[in-house]
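Residue numbers (numbering that gives the first Met the number 0): 0 to 214. C-beta atoms are modelled at their ideal positions from N, C-alpha and C, and glycine is treated no differently. Computed from a predicted model, the values in this text were never measured in an experiment.
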Amino acid sequence: MIHFYGYFRSSCAYRCRIAFNLKGVAHDFTSVHLRRNGGEQHAPDFKAINPQGLVPSITDGDFQLNQSMAIVEWLDETHPEPPFLPDTPNERAKVRAFAQMIACDIHPLQNLRVLLYLKNELGQDDAAKDAWLQRWLGDGLQACDAYIAREGTESTFCFGDTPGLAEICLVPQVFSAHRFGVDLSNMPNVTRVYDACQALPAFADAAPSKQPDAE
Ligand SMILES: N[C@@H](CCC(=O)N[C@@H](CS)C(=O)NCC(=O)O)C(=O)O
Numbered sequence: 000m001i002h003f004y005g006y007f008r009s010s011c012a013y014r015c016r017i018a019f020n021l022k023g024v025a026h027d028f029t030s031v032h033l034r035r036n037g038g039e040q041h042a043p044d045f046k047a048i049n050p051q052g053l054v055p056s057i058t059d060g061d062f063q064l065n066q067s068m069a070i071v072e073w074l075d076e077t078h079p080e081p082p083f084l085p086d087t088p089n090e091r092a093k094v095r096a097f098a099q100m101i102a103c104d105i106h107p108l109q110n111l112r113v114l115l116y117l118k119n120e121l122g123q124d125d126a127a128k129d130a131w132l133q134r135w136l137g138d139g140l141q142a143c144d145a146y147i148a149r150e151g152t153e154s155t156f157c158f159g160d161t162p163g164l165a166e167i168c169l170v171p172q173v174f175s176a177h178r179f180g181v182d183l184s185n186m187p188n189v190t191r192v193y194d195a196c197q198a199l200p201a202f203a204d205a206a207p208s209k210q211p212d213a214e
């Protein structure tokens, strides 16, 4: 049985939850509370699983895997239906590029350890932290919106009529944007796709508020 280590509010864990649900893959779950006890992600027992001290991670027997994008790809390769990527190399590359806009260029700037560094080591207050989040999440999602407009034709989801890797990354990032008060009113494509995904149980059931460790 696959064992999944996550946290309800973690957007990277949220990516994996959507992927598990889309594939219909059963798994056990351990919550790693990112704020309790000084951050359970820093505990030696957990760092033996994920040396970075970050969620998510999975184990499957002796197999251990960190990094949400690697976990999502591994699920796609081990459970090919429904596929997370389109049929042709060019289409696949475009979806991967979109996913990396979020996973590589937006999410890392909102991470807890970065926000704590701004506050504790650089002495920034909440207003400065909010300005940071507005800037990097806002600009990043604005670029995602323009990318969908350019590449997405008239489809229901980002790049077609079925959800996959693009939506697995987009939906948790929009959740974070809501959480941090980022204005999405000028991002019609992002909000349209987010709303379409919410109508699907695989996405709705993966929401942070529905998780056993939700607060
Ligand atoms: N690139 C990694 C990022 C993982 C990551 O940053 N996880 C966050 C939660 S979304 C975390 O564990 N943060 C804990 C901390 O910053 O101390 C992935 O995609 O898995």
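> If valine 71 and glycine 5 are in contact, beta carbons under 8 Å, what's the gap, nearest whole angstrom?
Replying inline: Wrong, their Cβ atoms sit about 13 Å apart, outside the cutoff.
>> Using a Cβ-Cβ cutoff of less than 8 Å, which residues in the same chain neighbour arginine 95 once the five nearest sequence positions on both sides are dropped?
In response: Here the set comprises Leu84, Leu164.
>> For the alpha helix (DSSP H) containing threonine 190, name the first residue and the last one.
In response: Taken as a continuous stretch (DSSP letters only), the alpha helix (DSSP H) holding threonine 190 covers 187–197.
>> Once DSSP output is grouped into helix, strand and coil, what is the label at threonine 77?
In response: DSSP places threonine 77 in helix when its eight states are reduced to three.
> From Met186, Asp125, Gln40, pick the residue whose C-alpha is nearest to that of serine 30; which is it?
Replying inline: Residue Gln40 is the option with its Cα nearest to serine 30.
> CA-CA distance, arginine 34 and asparagine 110?
Replying inline: Per the coordinates, the alpha-carbon of arginine 34 lies some 13 Å from the alpha-carbon of asparagine 110.
>> ligand 1 and alanine 145: does any heavy atom of the ligand fall closer than 8 Å to the residue's C-beta?
In response: For alanine 145, the shortest separation between its Cβ and any heavy atom of ligand 1 does not lie below 8 Å.
> If you run the structure through DSSP and keep just helix, strand and coil, what is isoleucine 57?
Replying inline: Strand.
> From what residue to what residue does the beta strand (DSSP E) around isoleucine 243 run?
Replying inline: A question about residue 243 goes unanswered here, because the residues of the chain that appear run from 0 up to 214.
> Is the beta carbon of alanine 195 less than 9 Å from the beta carbon of asparagine 20?
Replying inline: Contact: no.
> Going by the C-beta, is glycine 37 closer than 8 Å to any heavy atom of ligand 1?
Replying inline: Flag unset: Cβ of glycine 37 not near ligand 1.
>> Measuring alpha carbon to alpha carbon, tell me which residue in Gln99, Asn119, Gly122 is nearest tyrosine 146.
In response: Answer by Cα proximity: Gln99.
> Going by the C-beta, is leucine 53 closer than 8 Å to any heavy atom of ligand 1?
Replying inline: Flag set: Cβ of leucine 53 near ligand 1.
> Just to confirm, are alanine 12 and methionine 68 a CB contact at a threshold of 9 Å?
Replying inline: Taking the C-beta atoms as reference points, methionine 68 is found no nearer than 9 Å to alanine 12.
> Where glycine 38 and threonine 152 are concerned, what is the direct C-alpha to C-alpha distance, given to the nearest angstrom?
Replying inline: So the alpha carbons of these two residues sit roughly 43 Å apart.
> Quick one: complete alpha helix (DSSP H) runs, 4+ long, within the stretch 65–138?
Replying inline: 67–77, 88–99, 111–115, all fully within the stretch 65–138.
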